[in-house]
Amino acid sequence: MNALIPLPIIVPLLGASLCVIAARARWIQRIVSLSALTCNMIVAITLFVRVDDRDMVVMQAGGWPVPLGITLAVDRLSAVMLVVSSLMLLAVMVYAIGQKAEESRYAAFNPVYLVLAAGVSASFITGDLFNLFVAFEMMLVASYVLLTLGGRPDQVRAGMSYVVISLIASTFFVTALAVIYAATGTVNMAQLAERMPELPPGVATGFSLLLILVFGIKAGLFPLFFWLPDSYPTASGAITAVFAGLLTKVGVYAIIRTQTLMFPPDARQGTLLLVLAGLTMIVGVLGALAQDDLRRMLSFHIVSHIGYMIFGLALFTLAGVAGAVFYVVHHIIVKTALFLVAGLVERRSGSDRLSRVGGLVRSAPVIAVLFALPALSIAGLPPFSGFVGKFALVSAGIDSQDWLIVGVSLLVSLLTVYVMVRIWSNVFWGEPEDPAIVAWIASEESRVPRLMTASASVVVALSVALMVFAGPLYNYAERTAADLLAPQRYIESVLGSDAP
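When we follow my numbering, the leftmost residue of the sequence shown carries the number 1, and every step to the right adds one.
Here you go:
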């Protein structure tokens with residue numbers, strides 16, 4: 001079973017190499033990409049079942065002992081993130097093939113997309129900070145290429161902003177690695193969990209703050225989010241969907257992993273994270289209210305809902321962390337679904353401006369249904385998974401008597417409902433007033449390819465499945481939270497006989 005651990009990294013990289021060789025044969029690239037992503041999904045599901053039934057799995061690359069070699073570890077948190085990310089990457093790849101945009105026009109799309117998939121997987125299974133940095137750089141290079149495919153001026157401008165901010169974050173990350181290694185003699189996260197309590201409290205607190213800064217930029221946490229709403233909407237629908245669903249959650253995963261594993265309770269920044277969570281929620285939803293562009297509205301909503309995830313973590317209780325884990329899984333699937341459907345809206349109407357589009361509930365009822373289901377979930381209406389996640393977080397906040405953040409989360413939830421109603425009333429009710437939009441809808445070019453609709457439908461169906469299986473998923477999230485808040489199991493599994 002341990003031999004399966006590196007496959008989610010190795011298989012996409014091998015697939016990327018084959019796609020480069022087959023640059024002139026697009027059908028071969030598609031077969032390779034879909035095969036590699038399907039393999040990733042199968043491996044991820046296998047590891048998920050194994051980890052939940054028995055114990056976490058660990059591999060020391062090359063047989064080198066800790067900390068000389070590369071540690072790869074899969075626990076419950078890593079496993080569920082691998083499963084959800086592999087499902088979304090595969091679905092978005094199918095959507096991109098059906099869209100016939102960048103994937104059809106550029107031979108670089110498939111290999112770069114697979115490198116992105118390898119970077120995402122590496123982030124979830126690496127057991128040391130240096131290789132987490134390497135995984136982030138893989139994602140940075142791949143995402144920059146995908147953002148700027150097409151070469152439009154707005155894409156290049158947004159891509160430059162994205163890469164500059166990401167490089168600043170990388171610089172802080174390297175600095176953090178250097179000072180942490182100088183203080184502890186290791187970058188292995190299990191060993192750091194042992195050695196951090198031995199440091200002076202102020203030093204451990206400083207390291208915690210530095211890593212929150214680094215991963216907060218990646219996650220889009222207030223006030224480090226400003227790059228996100230400008231960068232994501234400029235890419236194609238497929239790329240925006242995978243970025244919105246996955247990339248910010250890698251940053252959230254890194255915050256959850258490092259804060260719960262590496263730092264003792266007196267070095268955790270619960271109060272600071274609660275403040276940042278509340279501000280992230282408020283600023284994100286207010287930004288969405290001010291937009292007229294569908295994808296920009298949804299991009300600001302990414303920021304808003306990152307706040308909910310950090311809210312749960314900041315409580316550092318079983319209920320809070322379980323709510324955060326549940327909400328991360330929910331948000332990856334539901335937000336990916338919303339962006340995929342937003343691409344369908346843009347294809348069918350020729351625009352994603354709320355002031356120009358209208359009447360799609362009659363001209364495209366399937367798209368209307370596909371949008372309504374994840375929109376109701378992201379708004380937190382019962383019985384959808386968004387309601388379950390928000391109810392869990394609010395209950396955890398009430399148990400911890402953090403009344404202010406509870407009030408903020410409820411207010412932001414109401415504003416989210418308003419934003420979703422505004423999108424629905426503008427895009428799906430009424431009639432389009434722009435003659436160009438009316439002409440486009442009546443033309444053959446507005447027909448949405450079946451593969452795009454099928455892929456979006458599958459992801460929407462997964463979002464509905466979250467509602468049906470919310471109970472078992474939340475129980476899994478509770479088991480995951482118990483592991484995170486009592487990291488001795490992780491430490492012993494990685495260090496073996498060297499663990500105290």
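Backbone N, C-alpha and C fix where the C-beta goes; we use that ideal spot for every residue, glycine too.
Just mark residue 505 as buried or exposed, buried being the case when its beta carbon has 16 or more other beta carbons within 10 Å.
-> As shown, the chain starts at 1 and ends at 500. That puts residue 505 outside it, with no answer to give.
Per the contact definition of three or more C-beta pairs closer than 8 Å, is the segment 404–417 in contact with the segment 484–492?
-> Flag = no, the segment 484–492 and the segment 404–417 do not touch.
Backbone secondary structure at residue 506 - three-state DSSP | The shown model of the chain, from 1 to 500, leaves out residue 506, and the question about it has no answer.
Alpha-carbon to alpha-carbon, residue 316 and residue 82 = So the alpha carbons of these two residues sit roughly 23 Å apart.
From residue 462 to residue 22, what distance separates their C-alpha atoms?
-> The straight-line gap from Cα to Cα measures roughly 33 Å.
Express the C-alpha separation of residue 138 and residue 235 in angstroms, rounding to a whole number.
-> In this structure, the CA atom of residue 235 is about 19 Å from the CA atom of residue 138.
Where do the N-terminal and C-terminal ends of the beta strand (DSSP E) with residue 73 fall, by residue?
-> Residue 73 -> beta strand (DSSP E) spans 71–74.
Burial state of residue 67 (16 or more Cβ within 10 Å) | With 16 or more Cβ atoms within 10 Å of its Cβ, residue 67 is classed as buried.
Mark residue 5 as exposed unless 16 or more other C-beta atoms lie within 10 angstroms of its C-beta, in which case mark it buried.
-> By the C-beta density criterion, residue 5 is buried, having at least 16 other C-beta atoms within 10 angstroms.
Can you tell me where the beta strand (DSSP E) with residue 29 in it begins and where it stops?
-> Residue 29 -> not in any beta strand (DSSP E); alpha helix (DSSP H) instead, spanning 26–53.
Provide the residue span of the alpha helix (DSSP H) that contains residue 191, from first to last.
-> Per DSSP, the continuous alpha helix (DSSP H) segment holding residue 191 begins and ends at 189–195.
How big is the Cα-Cα spacing for residue 500 and residue 483?
-> Note that residue 500 has pLDDT 48, beneath the 50 cutoff, so the model's placement of it is unreliable and the number below is only indicative. Straight-line Cα distance between these residues: approximately 17 Å.
Contact between the segment 208–220 and the segment 243–260: three or more CB pairs below 8 Å?
-> A contact is defined here as three or more CB-CB pairs under 8 Å, and the segment 208–220 meets this definition with respect to the segment 243–260.
Leaving aside the five residues before and after residue 161 along the sequence, list all residues of the same chain whose C-beta is less than 8 Å from its C-beta, in chain order.
-> Take residue 161, set aside five residues on each side of it, and the residues of its chain with a beta-carbon closer than 8 Å to its own are 227, 230 and 231, in chain order.
Pairwise C-alpha distance: residue 80 and residue 470 = Their backbone Cα atoms lie some 14 Å apart in a straight line.
Cβ atoms of residue 110 and residue 19: under 9 Å apart, would you say?
-> Taking the C-beta atoms as reference points, residue 110 is found nearer than 9 Å to residue 19.
Look at residue 295 and residue 352 and say whether their C-beta atoms are less than 9 Å apart.
-> Cβ distance < 9 Å, so residue 295 and residue 352 count as in contact.
Residue 128 bridges to which residues according to DSSP?
-> 188, per the DSSP bridge assignment.
Can you tell me whether DSSP reads residue 510 as helix, strand or coil?
-> This structure does not reach residue 510, given that the chain is present from 1 up to 500, and the question cannot be answered.
Kindly list the residues whose CB is nearer than 6 Å to the CB of residue 309, restricted to its own chain and excluding five residues on each side of it in sequence; keep chain order.
-> 252, 324, 327 and 328, listed in sequence order.
Quick one, are the C-beta atoms of residue 244 and residue 124 less than 9 Å apart?
-> No Cβ-Cβ contact shorter than 9 Å links residue 244 with residue 124.
Counting along the chain, where does the alpha helix (DSSP H) carrying residue 469 start and finish?
-> That residue, residue 469, is in no alpha helix (DSSP H); it is neither H nor E in DSSP.
What does a CB cutoff of less than 6 Å around residue 388 pick up in its chain, not counting 5 residues either side in sequence?
-> If the five residues before and after residue 388 are omitted, its C-beta is found closer than 6 Å to the C-beta atoms of 470, all from its own chain and listed in chain order.
With 16 other Cβ atoms within 10 Å as the buried cut-off, status of residue 390 = Classification for residue 390: buried.
Return the chain-ordered list of same chain residues with a C-beta closer than 6 Å to the C-beta of residue 273, the five sequence neighbours on each side being excluded.
-> Within the same chain, residue 273 has close Cβ partners 310 and 314.
What are the residues that DSSP puts in a beta bridge with residue 293?
-> Under DSSP, the beta-bridge partners assigned to residue 293 are 353.
Runs of alpha helix (DSSP H) wholly within the segment 374–454 (minimum 4 residues, chain order) = The segment 374–454 contains these whole alpha helix (DSSP H) runs: 385–399, 403–427 and 435–442.
The alpha helix (DSSP H) spanning residue 230 covers which residue range?
-> Here the alpha helix (DSSP H) through residue 230 covers 228–231.
Around the C-beta of residue 332, are 16 or more other C-beta atoms found within 10 angstroms, so that it is buried, or is it exposed?
-> Flag for residue 332 reads buried.
With distances taken from CA atoms, which of 35, 283, 375 and 225 is nearest residue 12?
-> Nearest in C-alpha terms to residue 12, of all of 35, 283, 375 and 225, is 35.
Tell me where the alpha helix (DSSP H) around residue 263 begins and ends.
-> Counting along the chain, residue 263 falls outside any alpha helix (DSSP H), and DSSP gives it neither H nor E.
From the DSSP output, in three-state form, read off residue 240 for me.
-> Three-state DSSP puts residue 240 in a helix.
Can you tell me which of the three DSSP states residue 199 falls into?
-> Assignment of residue 199 by DSSP, reduced to helix, strand and coil, places it in the coil class.
What is the C-beta distance between residue 7 and residue 43, in whole angstroms, given that I count them as a contact (C-beta under 8 Å)?
-> Yes, residue 7 and residue 43 are in contact; Cβ-Cβ is about 5 Å, under 8 Å.
Measure from the alpha carbon of residue 206 to the alpha carbon of each residue in 191, 262, 168 and 152, then state which is nearest.
-> Minimum Cα-Cα distance from residue 206 among the listed residues 191, 262, 168 and 152 corresponds to 262.
What first and last residue would you give for the alpha helix (DSSP H) that runs through residue 20?
-> Counting along the chain, residue 20 sits inside the alpha helix (DSSP H) bounded by residues 7–21.
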